[in-house]
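First residue of the sequence shown? That's 293 in the working numbering, and the numbers climb one at a time after it.
Where is the CB? At the ideal position from N, CA and C, for every residue including glycine.
Bear in mind that the values here come from a model prediction, so they are computed numbers and not experimental data.
First comes the structure, then the notes that go with it.
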Amino acid sequence: MKPCHAITTLFLLCTTACSAAAIPVSDGPEKVDIQELVKQAVINYNTRESLPRNYTYIEKLTDEDSRLKSGRGTDTYEVMEIRGHAFRRHVEHNGQSVAAKEDPEQDEAYRAKWLEVEHKILDEQIKPGQTKASLAAAVQQIMEEAGLKEWKSQSITLPQSESMGVVSFAQTLHQFKLPIEELNQKFHLKAKGEEMRDGRKTYIVQADPQRTKDEDDAAGNFRIKIWIDQKEQQIVKVEGKALRAGPLARADYAAFSSKTLSAKEVADRKKKLSETRLFYGDDTVITQEWSKVNDEAWLQRRRHVKGSHELMMDEPAQGFRSYFSRANTSAQVEYDTIDTNYKKFRVEHRVLPVSAPN
Numbered sequence: 293m294k295p296c297h298a299i300t301t302l303f304l305l306c307t308t309a310c311s312a313a314a315i316p317v318s319d320g321p322e323k324v325d326i327q328e329l330v331k332q333a334v335i336n337y338n339t340r341e342s343l344p345r346n347y348t349y350i351e352k353l354t355d356e357d358s359r360l361k362s363g364r365g366t367d368t369y370e371v372m373e374i375r376g377h378a379f380r381r382h383v384e385h386n387g388q389s390v391a392a393k394e395d396p397e398q399d400e401a402y403r404a405k406w407l408e409v410e411h412k413i414l415d416e417q418i419k420p421g422q423t424k425a426s427l428a429a430a431v432q433q434i435m436e437e438a439g440l441k442e443w444k445s446q447s448i449t450l451p452q453s454e455s456m457g458v459v460s461f462a463q464t465l466h467q468f469k470l471p472i473e474e475l476n477q478k479f480h481l482k483a484k485g486e487e488m489r490d491g492r493k494t495y496i497v498q499a500d501p502q503r504t505k506d507e508d509d510a511a512g513n514f515r516i517k518i519w520i521d522q523k524e525q526q527i528v529k530v531e532g533k534a535l536r537a538g539p540l541a542r543a544d545y546a547a548f549s550s551k552t553l554s555a556k557e558v559a560d561r562k563k564k565l566s567e568t569r570l571f572y573g574d575d576t577v578i579t580q581e582w583s584k585v586n587d588e589a590w591l592q593r594r595r596h597v598k599g600s601h602e603l604m605m606d607e608p609a610q611g612f613r614s615y616f617s618r619a620n621t622s623a624q625v626e627y628d629t630i631d632t633n634y635k636k637f638r639v640e641h642r643v644l645p646v647s648a649p650n
C-alpha cells in the first residue's frame with residue numbers, strides 16, 4: 293500500500309516573494325526597532341507565502357517513528373507548484389523506485405478512494421484470528437474491488453493481541469505549523485545579536501510567548517527564535533521549542549475488534565477511541581529554513597521536527613499538564629524534509645484576437 297506520511301498517522305493499541313518598504317538598519321541590533329522589524333518581516337513572510345509559485349523541486353522526507361517496524365523510512369517526491377496548486381509524484385521509498393501511475397493528491401476523488409481502502413485494510417488487520425495468509429487475501433480483495441489491483445502492499449503487519457484497536461488523525465507534527473503570523477502580536481520580542489547565513493547578514497530575535505491561559509493556542513506554547521535577513525527583512529529561519537504540551541487533532545477514524553469481549557464492550561471501546569485526541573509533547577522542537585532562489589523568491593529548503601505524539605483517550609480534568617500524566621500512549625517521532633533542485637518554469641498564455649463579425 294502506498295505510504296501516506298502527510299495524510300494520516302495511525303496508532304495500534306492493545307486493550308490494556310516581494311518585500312515592502314525596507315526598514316532602515318544600523319550597525320548594531322540594539323539600535324533597531326525590533327517590534328517594527330518583526331512586524332515587517334511577518335508582512336513579507338505572509339506576502340511570499342501567498343504568492344503562486346511556478347517551480348519544480350525534489351522533496352526528500354526522512355521519517356523516524358518508534359511505531360515503525362524499522363524505526364525509519366525515507367520517501368522522495370517530485371513536486372510541481374503551478375499558480376498555488378501543488379502536484380506530487382512519489383518516486384522513491386526507502387531507496388527503491390516507486391511506480392506511481394496515479395497520484396492521490398492530484399485528484400480528490402482518487403485520494404478519498406485511497407483513504408477508504410486504508411480504513412478497510414485497518415479493519416481487516418485488527419480482526420481476531422487473522423493469519424498472514426487470510427490477511428493477505430483480504431487485502432488483495434479490497435484492492436481489486438477498489439480498482440487498484442496493480443498496487444501491492446509494502447508493510448501490512450499482523451497484530452499479536454486478541455483485542456486490538458486503531459485510530460487515525462488528519463494532522464500530526466508532520467503538518468503542524470509554528471504561529472509565525474502572530475510573532476509581532478502575541479510574543480515579547482528581544483534582540484539576540486547577528487549572524488551570517490548563506491553569505492547574508494541576519495538579525496536574531498527571541499520571541500517569548502505572552503502569558504496566556506489558553507493551552508489550545510500554539511502562540512502560548514512555543515518559544516521561537518527568528519533569523520531575519522537585514523537587507524530584505526525576510527524571515528530566513530525559525531526555531532520553535534515547546535514550553536508545554538498542546539493539541540494537534542481529534543480522531544477522524546477509529547475501529548476496534550476482539551474475540552474475547554462482548555459486542556457491547558467492543559462498541560464501547562470503539563467509541564472511546566473515536567473520542568481520542570492527539571497532542572504534541574513538551575519536548576517538541578520545530579525548525580524551518582528558507583533560501584533565496586534565483587535571486588527572486590524565498591523558498592523553503594528544510595523543515596525538521598523532533599518530538600513526541602501523545603495519545604489521550606480521556607478528556608482532561610485539570611488542563612493538559614495533568615492530562616499528560618495520564619497519557620495512554622506516547623511515540624517519539626522525527627521528520628526531516630529537505631527541498632532541493634528548485635527550477636523555475638513558465639506557463640505561456642496567448643491571447644488571440646477575435647475577428648469582428650462581417
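- Query: Out of curiosity, what's the CA-to-CA distance linking ASP357 and THR629?
  - Reply: Sequence index remark: in the sequence shown, residue 357 carries index 65 (1-based). Sequence index remark: in the sequence shown, residue 629 carries index 337 (1-based). Each residue's alpha carbon lies about 14 Å from the other.
- Item | Neighbourhood of VAL585 by C-beta, 6 Å cutoff - its chain only, sequence neighbours within 5 removed | The residue labelled residue 585 in the question sits at position 293 within the sequence shown. The answer, listed in chain order, is LEU591 and TYR634.
- Item | Candidates THR579, ILE527 and THR494, of which the one nearest LYS598 by Cα | Working through the sequence shown from its first residue, we reach residue 598 at position 306. Comparing Cα positions, the closest option is THR579.
- Sort out for me which residues DSSP pairs THR348 with in a bridge. In the sequence shown, residue 348 corresponds to position 56, counting from 1. Answer is MET372 and LYS635, bridged to THR348.
- Query: Among residues of its own chain, excluding the 5 on either side of GLN477, which ones have a beta-carbon nearer than 6 Å to its beta-carbon?
  - Reply: Stepping through the sequence shown from its first residue, residue 477 is reached at position 185. Closer than 6 Å at the Cβ level, and outside the excluded window around GLN477, lies no residue.
- Task: Whole angstroms is fine: what's the gap from GLU626's alpha carbon to TRP406's?
- Result: Counted from its first residue, the sequence shown places residue 626 at position 334. Counted from its first residue, the sequence shown places residue 406 at position 114. Answer to the nearest angstrom: the Cα atoms are 25 Å apart.
- Query: From ARG542, ALA483 and LYS331, pick the residue whose C-alpha is nearest to that of GLU567; which is it?
  - Reply: Residue numbering aside, residue 567 sits at position 275 when the sequence shown is read from its first letter. Cα-wise, what sits closest to GLU567 is ARG542.
- Query: Per DSSP, GLY532 is paired with what?
  - Reply: The residue labelled residue 532 in the question sits at position 240 within the sequence shown. ILE516 and ILE578.
- Query: How many angstroms separate the CA atom of SER554 from the CA atom of LEU414?
  - Reply: Position 262 of the sequence shown holds residue 554. Position 122 of the sequence shown holds residue 414. Rounded to whole angstroms, SER554 to LEU414 spans 20 Å at the Cα level.
- Message: For GLU437, report the span of its alpha helix (DSSP H) as first-last.
- Response: Residue numbering aside, residue 437 sits at position 145 when the sequence shown is read from its first letter. Where GLU437 is concerned, the enclosing alpha helix (DSSP H) stretches over 424-437.
- Task: Kindly indicate which three-state DSSP category THR339 falls into: helix, strand or coil?
- Result: Looking up residue 339 in the sequence shown gives position 47. Looking at THR339 - three-state DSSP - the assignment turns out to be helix.
- Which one of PHE514, GLU486 and TYR545 has the shortest CA to CA distance from ARG536? Taking the sequence shown and counting its residues from 1, the one referred to as residue 536 is at position 244. For ARG536, the nearest C-alpha among the options comes from PHE514.
- Nearest residue (CA-CA) to VAL334, options GLU588, GLU524, LYS636 and SER622: Your numbering for residue 334 matches position 42 in the sequence shown. If we check each option's Cα against that of VAL334, GLU524 comes out closest.
- Message: Can you find the residues in the same chain that come closer than 7 Å, C-beta to C-beta, to ASP500, ignoring five residues on each side of it along the sequence?
- Response: Numbered from its first residue, the sequence shown carries residue 500 at position 208. Here the set comprises PHE479, HIS480 and ARG515.
- For LYS482, count neighbouring Cβ atoms within 10 angstroms of its own Cβ and tell me buried if that reaches 16, exposed if not. For this step, residue 482 is matched to residue 190 along the sequence shown. Classification of LYS482: exposed, given that the 10 Å Cβ count is below 16.
- Collapsed DSSP secondary structure at ARG492 in the structure displayed: Numbered from 1 along the sequence shown, position 200 holds the residue referred to as residue 492. DSSP places ARG492 in strand when its eight states are reduced to three.
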